[in-house]
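First the structure, in the form of structure tokens, and then the observations on it.
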Amino acid sequence: MPDNPITIAIDGPSGSGKSSVSKEVARRLGLAYLDTGAMYRALTWWCLARGIDLTDAEAVTSAAQTFPLQISTDPDRPTVQVDGRDISADIRTTDISEQVFHVATNLGVRASLRDQQRQVIAHARRDGAGIVVEGRDITTVIAPDAEHRVLLTASEQARLARRARELFETDDAGAIEATRAQVVGRDAADSTVSAFFEPAPGVVGIDTSELTFAQSVAAVLDTVAAGAVPYTPVHTPDTGGNR
């Protein structure tokens with residue numbers, strides 16, 4: 028194992044900046060990067076491509092255990108492949124965004140992907156400097172043992188405006204309204220199985236509502252520089268592989 032590998036766990040609602048900030052923090056610190064949300068999107072794409080009913084919890088859970096996912100942990104090239112096909116762009120479409128909640132709220136799927144995510148974390152710690160992992164319940168469920176745990180949040184207005192600019196290159200009233208279901212609706216669905224609006228004990232909360240991207244990155248880096256908590260590993264078998 029490398030000297031002093033670290034895990035940085037970052038949670039937050041849609042539009043809080045967690046994905047872009049996490050990637051940049053990983054680049055700055057020379058760490059691997061894992062977007063756990065992309066895994067749920069990839070499974071959604073796989074099920075739809077194979078005609079699996081997303082409301083059939085058992086069938087989707089079975090798919091989660093076997094679908095041939097390969098996800099890059101390079102923050103400069105965070106690609107997602109399934110069965111050798113690059114679906115990095117496909118999983119960001121509106122169709123996937125509107126249906127991924129069926130998969131993300133499936134407790135069987137969450138348990139399966141949790142184990143896969145922990146394997147990726149263990150691999151990054153064993154063979155590299157560590158990893159930045161971002162998603163919904165990373166600080167409390169996936170990596171409660173992380174040296175650094177951060178929850179990024181922002182006001183609903185700020186989150187809607189950011190996502191509207193990302194999708195429509197404008198944050199006018201029409202774009203914000205078109206974005207509302209993806210942001211507010213998705214968060215409402217996910218909040219039934221995951222807590223990501225308030226920091227859990229020991230988790231540093233950072234409100235990015237009034238922060239620029241650079242300031243948000245700096246805030247996380249400052250948190251990391253302030254010191255780490257002792258690392259106590261979650262007990263889970265590492266069967267290898269980069270899923």
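Position one of the sequence shown corresponds to residue 28 (our numbering), numbered consecutively onward.
We put the beta carbon where it would ideally sit given N, CA and C, even for glycine.
The structure displayed is predicted, hence computed values, not measured ones.
Any C-beta of chain B under 8 Å from that of residue i
{"i": "N31", "result": "Among the protein chains of the structure shown there is no chain B, as only one such chain exists."}
Residue nearest to residue i in terms of C-alpha spacing, selected from the options
{"i": "R190", "options": "S236, V87, P226 and Q146", "result": "S236"}
{"i": "V130", "options": "S99, M66, D172 and V160", "result": "M66"}
{"i": "E85", "options": "D249, D154, T132 and S243", "result": "T132"}
{"i": "D234", "options": "I35, T100, D154 and V177", "result": "V177"}
{"i": "G57", "options": "D164, E193, G155 and S47", "result": "G155"}
{"i": "A205", "options": "R153, E125, R145 and D110", "result": "E125"}
{"i": "D110", "options": "L134, E183 and A69", "result": "A69"}
{"i": "W73", "options": "A246, Q97 and D172", "result": "Q97"}
{"i": "A59", "options": "S47, A76, T100 and S46", "result": "T100"}
{"i": "I123", "options": "Q209, D249, G135 and L248", "result": "Q209"}
{"i": "R145", "options": "V87, I203, A173 and L248", "result": "A173"}
{"i": "E225", "options": "V48, R112, L61 and L179", "result": "L179"}
{"i": "V211", "options": "E183, S47 and E193", "result": "E183"}
{"i": "I148", "options": "R54, A245, T250 and D62", "result": "D62"}
{"i": "D249", "options": "A202, V87 and R55", "result": "R55"}
{"i": "V168", "options": "D117, H150 and Q143", "result": "Q143"}
{"i": "R119", "options": "E193, V87 and A202", "result": "E193"}
For residue j and residue i, believed in contact at Cβ under 8 Å, the rounded distance
{"i": "K50", "j": "P102", "result": "4 Å"}
{"i": "G44", "j": "A253", "result": "The pair is not a contact, with the Cβ atoms about 20 Å apart (cut-off 8 Å)."}
{"i": "G162", "j": "G64", "result": "5 Å"}
{"i": "S115", "j": "T121", "result": "S115 to T121, Cβ: 16 Å. No contact."}
{"i": "V159", "j": "V52", "result": "5 Å"}
{"i": "T71", "j": "A170", "result": "Contact doesn't hold; Cβ gap of about 23 Å is too wide."}
{"i": "I48", "j": "V247", "result": "For clarity, residue 48 is Val in the given sequence; the question names Ile instead. That pair is a contact at about 6 Å."}
Buried or exposed by the 16-neighbour rule on C-beta atoms within 10 Å, applied to residue i
{"i": "A185", "result": "buried"}
{"i": "R207", "result": "exposed"}
{"i": "P228", "result": "exposed"}
{"i": "D164", "result": "buried"}
{"i": "F240", "result": "exposed"}
{"i": "P32", "result": "buried"}
{"i": "D30", "result": "exposed"}
{"i": "R104", "result": "exposed"}
{"i": "Q242", "result": "exposed"}
{"i": "A200", "result": "exposed"}
{"i": "H175", "result": "buried"}
{"i": "T166", "result": "buried"}
{"i": "A188", "result": "buried"}
{"i": "A76", "result": "exposed"}
{"i": "L134", "result": "exposed"}
{"i": "R112", "result": "exposed"}
{"i": "A153", "result": "Just to set this straight, residue 153 is Arg in the shown sequence, not Ala. Result: exposed."}
{"i": "S46", "result": "buried"}
request  = Examine the Cβ distances between the region 139 to 148 and the region 91 to 109 and report whether three or more of them are shorter than 8 Å.
outcome  = The region 139 to 148 is in contact with the region 91 to 109.
task = List in chain order: all unbroken alpha helix (DSSP H) runs of 4+ residues lying wholly within the region 102 to 164.
result = Fully enclosed alpha helix (DSSP H) runs of 4 or longer: 121 to 131 and 134 to 154.
request  = May I ask you to verify whether the region 28 to 46 touches the region 75 to 85, counting CB pairs closer than 8 Å and requiring at least 3?
outcome  = Between the region 28 to 46 and the region 75 to 85 there are fewer than three C-beta pairs closer than 8 Å, too few to call the two in contact.
request  = Report the residue ranges of all beta strand (DSSP E) runs contained in full by the region 59 to 88; include only those spanning at least 3 residues, in chain order.
outcome  = For the region 59 to 88, whole beta strand (DSSP E) runs of length 3 or above, ordered along the chain, are 59 to 62.
message = List, from N- to C-terminal side, the alpha helix (DSSP H) runs of 4 residues or more that fit wholly inside the region 170 to 256.
response = Fully enclosed alpha helix (DSSP H) runs of 4 or longer: 183 to 195, 200 to 207, 213 to 217 and 240 to 252.
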